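Asker: Got a structure for you, written out below as structure tokens; questions coming shortly.
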DNA sequence: CTAGTGGGTGAACGTCTGTACACTCAAACC
DNA sequence: GGTTTGAGTGTACAGACGTTCACCCACTAG
């Protein structure tokens, strides 16, 4: 009871973020109204402005939250230090599945708004995905077998992998908790990653162009 | 002047579809109002109902149109019969780039509404993409080197490729006509396809699991 | 030539939207 | 312990929304 004032504000703020996340499930941020959110939270519409300037600003906040959890995911994968390839594949896919299931609403949000959100939200998401690709590229550069790769080839490969992972996250969200469906998506992702890595390991043996 | 009645109706119908395609650029179908469309076309809101039951029904029509052009694209690629691999890669990517640039609005529409459209529209798009994956899988089965593959592996591979192509289409749409950006996306896509195919050709040499 | 079909009109409805403004009243501060 | 602060309230407005209804009147069919 020491800091009741800021605590209550934070609680309402969280309630607004959660309500927004829930309400725009099945449509999009651009179709979400300030009044719907306020009604769901149980406050009057004008009180919304005490926390956010607009729905779009709320969206940018949700992007940050979502990618905070994604970053923690990637950090987990990286922390698996010594990679046999089949081990790094299993760990990566497993961690992805776990996080997407745990924070399903956030990942569903990103997958949707990446293509359909307000322009500023789209730009923020694109930027975060580019960051993730860049981080993956620097990690790939440390793996044995990639010493001779050009930075451009590393970028292209990590774009391919990140793209496949985004697609996987999308399908996990669509599977919506059905464990067998999630299981099959995970298996598909594992196989895809193996195919890609096999191709990558052989890459320099056939010169580009 | 023989069939003026149905011609005029068809012309208005096209104008509605085009206006909808243009207006939901930058947001989404779920944020598009019947009145906006009518205003843009130059008809009164109620006249909209002479052509479509709802915005959602209009969306389903747009899905059909978009995938009609995608199918023609895939047919073009297939018609390149005898494949050296580097040739099939170049043809595929070139055809994709050409079609996406030609029908940019339709592809932007699909990329957006696939994740954010009304549920029925989303389902229709997902279904069409699954069809495309299936057709690609049967084509892959005809290539030399895949004789021993399981149907499941074929499905996984074609899902990977179609996913990468959807991602490529997305980036071309984002490049929005800047020729150098489009060029780079195309080059990235070519490299990615080569990496995937190299991996695929070596696939059976390392058993799964 | 006459009857009827059907794309488009225009006014009206109830509902929802974002935002402005003046307000309360408990917690925080000095 | 009196003053300030700020999250939440309540009312109000103008505009946009989907949908209804009765109404045109150019074209078509017979």
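Residue numbers (the working numbering), protein chains in the order written: chain A, 848 to 1056; chain B, 848 to 1056. By construction, the Cβ of each residue, glycine as well, lies at the ideal position given by its N, Cα and C atoms. Values in this document were obtained by computation on a predicted structure and should not be read as measured data.
Does residue 874 of chain A come out as helix, strand or coil in the three-state DSSP assignment?
Answerer: In the structure shown, residue 874 of chain A sits in coil (DSSP, three-state: anything other than H, G, I, E or B).
Asker: Give me the Cα-Cα distance between residue 1060 of chain B and residue 870 of chain B, rounded to the nearest whole angstrom.
Answerer: Outside the modelled stretch of chain B, which goes from 848 to 1056, sits residue 1060 of chain B, for which no answer is possible.
Asker: If you check the beta carbons only, do residue 958 of chain A and residue 942 of chain A fall under 8 Å apart?
Answerer: Cβ distance not < 8 Å, so residue 958 of chain A and residue 942 of chain A don't count as in contact.
Asker: If you count every other CB in all the chains shown that lies within 10 Å of the CB of residue 935 of chain A, and 16 or more means buried, which is it?
Answerer: Label assigned to residue 935 of chain A: buried.
Asker: Quick one: what does DSSP say residue 964 of chain A is sitting in, helix, strand or coil?
Answerer: Of the three classes helix, strand and coil, the one that applies to residue 964 of chain A here is coil, per DSSP.
Asker: With residue 968 of chain A and residue 1020 of chain A assumed to form a contact (beta carbons below 8 Å), what rounded beta-carbon distance in angstroms separates them?
Answerer: The Cβ separation is near 18 Å, so there is no contact.
Asker: What's the call for residue 1030 of chain A, buried or exposed, on a 16-neighbour Cβ count within 10 Å?
Answerer: Answer is exposed; the Cβ neighbour count stays below 16.
Asker: According to the neighbour-count rule (16 or more other Cβ atoms, all chains shown, within 10 Å of its Cβ), is residue 949 of chain A buried or exposed?
Answerer: By the 10 Å Cβ count, residue 949 of chain A comes out exposed.
Asker: Give me the Cα-Cα distance between residue 913 of chain B and residue 894 of chain A, rounded to the nearest whole angstrom.
Answerer: The straight-line gap from Cα to Cα measures roughly 43 Å.
Asker: Under the rule that 16 or more other beta-carbon atoms within 10 Å means buried, what is residue 906 of chain B, buried or exposed?
Answerer: Flag for residue 906 of chain B reads buried.
Asker: Excluding the 5 residues flanking residue 1056 of chain B on each side, which residues of the same chain have their C-beta closer than 8 Å to its C-beta?
Answerer: Bear in mind that the predicted position of residue 1056 of chain B carries a pLDDT of just 43, short of 50, making it unreliable; the figure below should be weighed with that in mind. For residue 1056 of chain B, where only same-chain residues beyond five positions count, there are no Cβ hits under 8 Å.
Asker: With 8 Å set as the bound, which would you pick, yes or no: does the beta-carbon of residue 1014 of chain B sit closer than that to a beta-carbon of chain A?
Answerer: True, the Cβ-Cβ gap to chain A drops below 8 Å.
Asker: Indicate whether residue 982 of chain B and residue 921 of chain B have their beta-carbon atoms separated by less than 8 Å.
Answerer: Contact: yes.
Asker: Ordered along the chain, which non-local residues of its own chain (more than five positions away) have a Cβ less than 6 Å from that of residue 882 of chain B?
Answerer: Correct list, in chain order: 892.
Asker: Rounding to the nearest angstrom, what Cα-Cα distance links residue 1060 of chain A and residue 975 of chain A in this structure?
Answerer: Any question about residue 1060 of chain A goes unanswered here, given that chain A covers just 848 to 1056.
Asker: Within 8 Å of any Cβ in chain B, is that where the Cβ of residue 993 of chain A sits?
Answerer: Chain B, which has no Cβ nearer than 8 Å to the Cβ of residue 993 of chain A, makes this no.
Asker: For residue 883 of chain B, decide whether its Cβ has a neighbour in chain A, counting only Cβ atoms nearer than 8 Å.
Answerer: Not closer than 8 Å to any Cβ of chain A, the Cβ of residue 883 of chain B fails to qualify, so no.
Asker: Taking 8 Å as the cut-off, decide whether the C-beta atoms of residue 866 of chain A and residue 850 of chain A are in contact.
Answerer: The answer is no: Cβ separation not under 8 Å.
Asker: Roughly how far, in whole angstroms, is the beta-carbon of residue 932 of chain B from the beta-carbon of residue 1016 of chain B, given that I think they are within contact range, below 8 Å?
Answerer: In fact, because the Cβ distance is near 22 Å, the residues do not count as touching under 8 Å.
Asker: Between residue 926 of chain B and chain A, is any beta-carbon pair separated by less than 8 Å?
Answerer: Not closer than 8 Å to any Cβ of chain A, the Cβ of residue 926 of chain B fails to qualify, so no.
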